[in-house]
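**Student:** Please find one structure pasted underneath; my questions will follow.
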Amino acid sequence: MSVKLRNRLTPSRRGRACPAPVIAAVILIVLTASFSATQAQEINGFFESRVGARIYKDPDQKDLSIGEARLQLETEKEFDAATLHIVADFIADPVLNEYESDLERGQGAIDLRQANFLFSPHDSADVKIGRQILTWGTGDLLFINDLFPKDWNAFFIGRDTEYLKAPSDAVKTSFFSDVVNLDLVYTPRFDPDRFIDGRRISYFNGQSGRRAGRNAIVQAATPDRWFEDDEIAGRLYQNFRGLELALYAYRGRWKSPGGFDPNTGQATFPALSVYGGSARGALWRGIGNIEVGYYDSEDDAEGDDPLIRNSEFRFLAGYEQEVVTNLSAGLQYYLQRLSDYTDYVRTLPAGSAKADENRHVLSLRLTQLLMNQDLTLSLFTYYSPSDADAYLRPKAAYKIDDFWSVALGGNLFFGEEDHTFFGQFEKNNNVYASVRYGF
Amino acid sequence: MKKHLSRIGFILLILLTNPPAGFPAEAALSAKAIVEKAVAAAYYQGKDGRAQVSMSITDAQHRKRTRRFTLLRRNVSGAGVIGDQQFYVYFHRPADVKKMVFMVLKKIDKDDDRWLYLPALDLVKRIAASDERTSFVGSHFFYEDVSGRGMDEDVHELLEETDQYYVIQSRPKKPDAVEFAYYKNWVDKKTFLPMKAEYYKNDDRAYRRYTVLKVELIDGHPTAVHSEMKDLIGGGKTVLNYAKVKYDIGLPETIFSERYLRRAPRKYLR
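Chains as they are written, first to last, in the numbering used here: chain A, 212 to 650; chain B, 874 to 1143.
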């Protein structure tokens, strides 16, 4: 099994289940308490129904790619010294049909998206502690220095883009000055991606050499010791007259499994450090951005351990502008370059599919606003000339009024081979529709 | 004879490019000076300002939409001085845009810098400067109507002076960059607030009309608190209401930074 293929193993973490009714009760109590505390306290959110179907029959999956009803409730409560912010989703999901809540993986009847306190211990410092969504970096749906957890299942089955970001349980401390600003995020217990594990999305299983889904749900050994299996991420940044510069560092683990333990048959999350930088600013008639990062796979420093992912160099350059009124286009070039490629090739087990040294990806985002901006047509395309595969995300979203909106979209994968990054998901091609009431 | 004609042509040319500063002759202010005062009165009151803005949008099919946001504005060059400006727009309604922030550094001599903050993703998105003459948040107001059109982008001419108004006609220096042939502004002679504006196509047909419905004196600055923009051809209009307007609230420059995109400055938004 090649490193490249192993990376696509997508195991799961068990044993963190919490009883749904308890959590539901806690959240409802907090929401009600904050509501009754002051009349002015607002509860916002939405109710949404979303249904999608697979285009191809996949014997290893259900025919419905998504089928769920979701209620999101959000409230914010200001105390003297801090602000409490809670966002909780209540979900009925007959497709997955697992209602035992696992807040870490965001599965079951409740997905607690945010529950944090924000305060300023000093004029030039902010602290956010608790469950939160974290994002930084300059890529558009391509990430280099953003090592906060992603939910690739949500992304591929057609949930709203906001669900690509999974919450972190962390402390974010920010320091601000005229010279430079610093963010430090400490996650006391490793927060992995909600990675592709076969339960909802079929993937290429390197062990069997073929695509697999619910028949081969990947098992992973997720490090979960408090304060030992921790993560730390930092960003130094400043805006110099519109040019935004940043330096990043991360110490933790591969966020989706990057290793395999032959003794247990489980996928693993080997140690990873990332160092990088980015720049973003006005360029010609639009916005240009560039970002680099070095992924140091510390458990395979020489690149000769076939069971652990090699180190990588990653690069991204993008440009976006309004092409004509109400039509904007964003183009990105992304490179993933394997380090120690000769060692990788030398130690690759016989019969494994070999990854290219350089994986090139181009992305194009087109967005057209129509009908007083009530109708948005968009298409996001990933295309890899080196892997000869592609991923298209077409979407039409219409706002019926201030409360109701509907959307139609698809997730379409194409590939010449079964094992490439996007090509492996070809059997998961799906279309979906949603109705949302926001309040 | 030929020489004579060319002299007339020369005089006409001078008249066209350099129109006499208002008729009758005693008018002291040039068109440019009036426009400058109007821009200062409409967009540069005080050092900074805040307003709770609500927009009621009615489309041609009589469907209604609303937008509610808090607008913070700070002049980089000081009170009443036309120059660069910072804007912070915090959305309250409708629900799908709640807590989103749109931040603009408006620059007189260059394209604006713009950012959008999407709270559900905690994403600070840099957005490309767009056509200034496109709808602001789906309303009949354009970006330019909200933040002001660059004075030097048009050639201004004082058409008429009534008891109440200076009537200014403005023609774009780059006609291809805009959708109008020219527009007229009725500038109040006392307050210098533009009280009405009409935009015309080449056939002299007015197709878009801005009207101030109510002016209030706030912190010493006459302020258009109630106004509307009408689409005279397609139908539909947007009514704009400014509430809780306050000037010189002491907005620090740091409010217009990534820190406060991610963390709304509640103290100034109320």
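Every residue, glycine too, gets a C-beta built ideally from N, C-alpha and C. Only a predicted model underlies this, so the values are computations on that prediction, with no experimental measurement involved.
Are the beta-carbon atoms belonging to aspartate 472 of chain A and glycine 514 of chain A less than 8 Å from one another?
**Tutor:** By one-based count along the first sequence, residue 472 of chain A stands at place 261. By one-based count along the first sequence, residue 514 of chain A stands at place 303. Against a cut-off of 8 Å, the Cβ pair of glycine 514 of chain A and aspartate 472 of chain A comes out as no contact.
**Student:** In three-state DSSP terms, what is threonine 1084 of chain B?
**Tutor:** To locate residue 1084 of chain B, count along the second sequence from 1; it is residue 211. Reduced to three states, the DSSP call for threonine 1084 of chain B is strand.
**Student:** Could you name the residues of the same chain whose beta carbon sits closer than 7 Å to that of proline 305 of chain A, not counting the 5 residues immediately before and after it, in chain order?
**Tutor:** Taking the first sequence and counting its residues from 1, one reaches residue 305 of chain A at position 94. So the qualifying residues of the chain are Gly278.
**Student:** Going by the DSSP bridge assignment, what does leucine 295 of chain A pair with across the sheet?
**Tutor:** Start at 1 with the first residue of the first sequence, and residue 295 of chain A comes out as number 84. Looking at the DSSP assignment, leucine 295 of chain A forms a beta bridge with A:Lys288 and A:Phe328.
**Student:** Tell me the rounded alpha-carbon separation between serine 467 of chain A and glutamate 627 of chain A.
**Tutor:** The sequence position of residue 467 of chain A within the first sequence is 256, counting from 1. The sequence position of residue 627 of chain A within the first sequence is 416, counting from 1. Each residue's Cα considered, the two are about 24 Å apart.
**Student:** Counting pairs of Cβ atoms below 8 Å between the region 495-511 of chain A and the region 422-438 of chain A, do you hit three or more?
**Tutor:** No, they do not touch.
**Student:** Which residues in chain B have a C-beta closer than 7 Å to the C-beta of arginine 491 of chain A? List them in chain order.
**Tutor:** Taking the first sequence and counting its residues from 1, one reaches residue 491 of chain A at position 280. Within chain B, the residues near arginine 491 of chain A are Arg999.
**Student:** Quick one: residues in its chain with C-beta nearer than 7 Å to the C-beta of glutamate 1089 of chain B, no 5 flanking neighbours on either side, listed in chain order?
**Tutor:** Locating residue 1089 of chain B in the second sequence gives position 216, where the first residue counts as 1. The residues are Thr1096 and Val1098.
**Student:** Which one of A:Tyr459, A:Ser484 and A:Val429 has the shortest CA to CA distance from threonine 475 of chain A?
**Tutor:** Here the question's residue 475 of chain A lines up with position 264 in the first sequence. For the residues A:Tyr459, A:Ser484 and A:Val429, the minimum Cα distance to threonine 475 of chain A belongs to A:Val429.
**Student:** So what does alanine 336 of chain A bridge to, in DSSP terms?
**Tutor:** Here the question's residue 336 of chain A lines up with position 125 in the first sequence. Note: alanine 336 of chain A sits in a beta bridge opposite A:His333 and A:Phe386.
**Student:** Looking only at C-alpha atoms, which of A:Gln418, A:Leu454, A:Ala608 and A:Glu442 sits nearest to alanine 564 of chain A?
**Tutor:** In the first sequence, counting from the first residue as 1, residue 564 of chain A sits at position 353. It is A:Gln418 whose Cα lies nearest to the Cα of alanine 564 of chain A.
**Student:** By the DSSP assignment, the alpha helix (DSSP H) with arginine 1132 of chain B in it spans what residues?
**Tutor:** Translated into the one-based positions of the second sequence, residue 1132 of chain B becomes position 259. 1131-1135 is the span of the alpha helix (DSSP H), which, as asked, contains arginine 1132 of chain B.
**Student:** Helix, strand or coil, according to DSSP, for leucine 375 of chain A in the structure here?
**Tutor:** In the first sequence, counting from the first residue as 1, residue 375 of chain A sits at position 164. Here leucine 375 of chain A sits in helix by DSSP.
**Student:** Please classify methionine 167 of chain A as buried or exposed, where buried requires at least 16 neighbouring CB atoms within 10 angstroms.
**Tutor:** Within the shown structure, residues of chain A are numbered from 212 to 650, placing residue 167 of chain A beyond reach of any answer.
**Student:** By DSSP, does tryptophan 347 of chain A sit in helix, in strand, or in coil?
**Tutor:** In the first sequence, the residue the question calls residue 347 of chain A occupies position 136. In this structure, tryptophan 347 of chain A counts as coil in the three-state DSSP scheme.
**Student:** Give the range of the beta strand (DSSP E) segment to which isoleucine 930 of chain B is assigned.
**Tutor:** Your numbering for residue 930 of chain B matches position 57 in the second sequence. Here the beta strand (DSSP E) through isoleucine 930 of chain B covers 921-931.
**Student:** Quick check on the burial criterion: 16 or more other C-beta atoms within 10 angstroms. Buried or exposed for alanine 898 of chain B?
**Tutor:** Here residue 898 of chain B refers to the residue found at position 25 of the second sequence. For alanine 898 of chain B, the predicted structure reports a pLDDT of 43, less than 50, and the residue's modelled location is therefore unreliable. A value from the coordinates is still provided. Burial call: exposed.
**Student:** What does a CB cutoff of less than 8 Å around alanine 1137 of chain B pick up in its chain, not counting 5 residues either side in sequence?
**Tutor:** Your numbering for residue 1137 of chain B matches position 264 in the second sequence. These residues qualify, in order along the chain: Tyr963, Lys972 and Val974.
**Student:** Considering only heavy atoms of the ligand ATP, does any lie closer than 7 Å to the CB of valine 977 of chain B?
**Tutor:** In terms of ligand content, the structure shown is empty, and the ligand ATP therefore cannot be addressed.
**Student:** Specify, as a first and last residue, the run of the alpha helix (DSSP H) that tryptophan 363 of chain A falls within.
**Tutor:** Looking up residue 363 of chain A in the first sequence gives position 152. Tryptophan 363 of chain A -> alpha helix (DSSP H) spans 363-368.
**Student:** Using beta carbons (cut-off 8 Å, strictly below), is lysine 268 of chain A in contact with chain B?
**Tutor:** Sequence index remark: in the first sequence, residue 268 of chain A carries index 57 (1-based). False, the Cβ-Cβ gap to chain B never drops below 8 Å.
**Student:** Got a sec: which bits of the region 632-647 of chain A sit with their beta carbon under 7 Å from any beta carbon on chain B, in order along the chain?
**Tutor:** Of all residues in the region 632-647 of chain A, none has a Cβ within less than 7 Å of some Cβ in chain B.
**Student:** What whole-angstrom Cβ distance do aspartate 507 of chain A and isoleucine 519 of chain A have, given they're in contact under 8 Å?
**Tutor:** Here residue 507 of chain A corresponds to residue number 296 of the first sequence, with the count starting at 1. Here residue 519 of chain A corresponds to residue number 308 of the first sequence, with the count starting at 1. Their Cβ separation, rounded to whole angstroms, is 12 Å, which puts aspartate 507 of chain A and isoleucine 519 of chain A out of contact at 8 Å.
**Student:** Hey, is asparagine 450 of chain A's beta-carbon within less than 8 Å of any beta-carbon in chain B?
**Tutor:** In the first sequence, the residue the question calls residue 450 of chain A occupies position 239. Yes, because at least one Cβ of chain B sits closer than 8 Å to the Cβ of asparagine 450 of chain A.
**Student:** Using the Cβ count rule (16 or more neighbours within 10 Å means buried), how would you classify serine 388 of chain A?
**Tutor:** As a first step, residue 388 of chain A must be located in the first sequence, where it is residue number 177. So serine 388 of chain A counts as exposed.
**Student:** Quick one: is glutamate 637 of chain A buried, meaning 16 or more other Cβ sit within 10 Å of its Cβ, or exposed?
**Tutor:** For the purposes of this step, residue 637 of chain A is taken as the residue at position 426 of the first sequence. It counts as buried.
**Student:** Since I believe glutamine 543 of chain A is in contact with leucine 573 of chain A (beta carbons under 8 Å), could you give me their beta-carbon distance rounded to a whole number of angstroms?
**Tutor:** Within the first sequence, residue 573 of chain A is the residue found at index 362, counting from 1. Within the first sequence, residue 543 of chain A is the residue found at index 332, counting from 1. Going by Cβ atoms, the distance from leucine 573 of chain A to glutamine 543 of chain A rounds to 7 Å, so yes, they are a contact pair.
**Student:** Could you spell out where the beta strand (DSSP E) holding leucine 358 of chain A opens and where it closes?
**Tutor:** Stepping through the first sequence from its first residue, residue 358 of chain A is reached at position 147. Leucine 358 of chain A -> no beta strand (DSSP E), and no H or E assigned at all.
**Student:** What residues from the region 522-543 of chain A come within 7 Å of chain B, judged by C-beta to C-beta, listed N to C?
**Tutor:** For the region 522-543 of chain A, which is checked against every Cβ of chain B, the residues closer than 7 Å are Glu531, Gln532, Glu533, Thr536, Asn537 and Ser539.
**Student:** Are the region 250-259 of chain A and the region 635-650 of chain A touching by the rule of at least three beta carbon pairs closer than 8 Å?
**Tutor:** Enough Cβ pairs lie closer than 8 Å, so yes.
**Student:** Which residues does DSSP list as the beta-bridge partners of glutamate 568 of chain A?
**Tutor:** Residue numbering aside, residue 568 of chain A sits at position 357 when the first sequence is read from its first letter. Glutamate 568 of chain A is not bridged to any residue.
**Student:** For phenylalanine 526 of chain A, which residues from the same chain have a beta carbon less than 6 Å from its beta carbon, with the 5 sequence-adjacent residues on both sides left out?
**Tutor:** Start at 1 with the first residue of the first sequence, and residue 526 of chain A comes out as number 315. Correct list, in chain order: Val503 and Leu546.
**Student:** Would serine 385 of chain A count as contacting chain B if we go by Cβ distances under 8 Å?
**Tutor:** Numbered from its first residue, the first sequence carries residue 385 of chain A at position 174. Closer than 8 Å to some Cβ of chain B, the Cβ of serine 385 of chain A qualifies, so yes.
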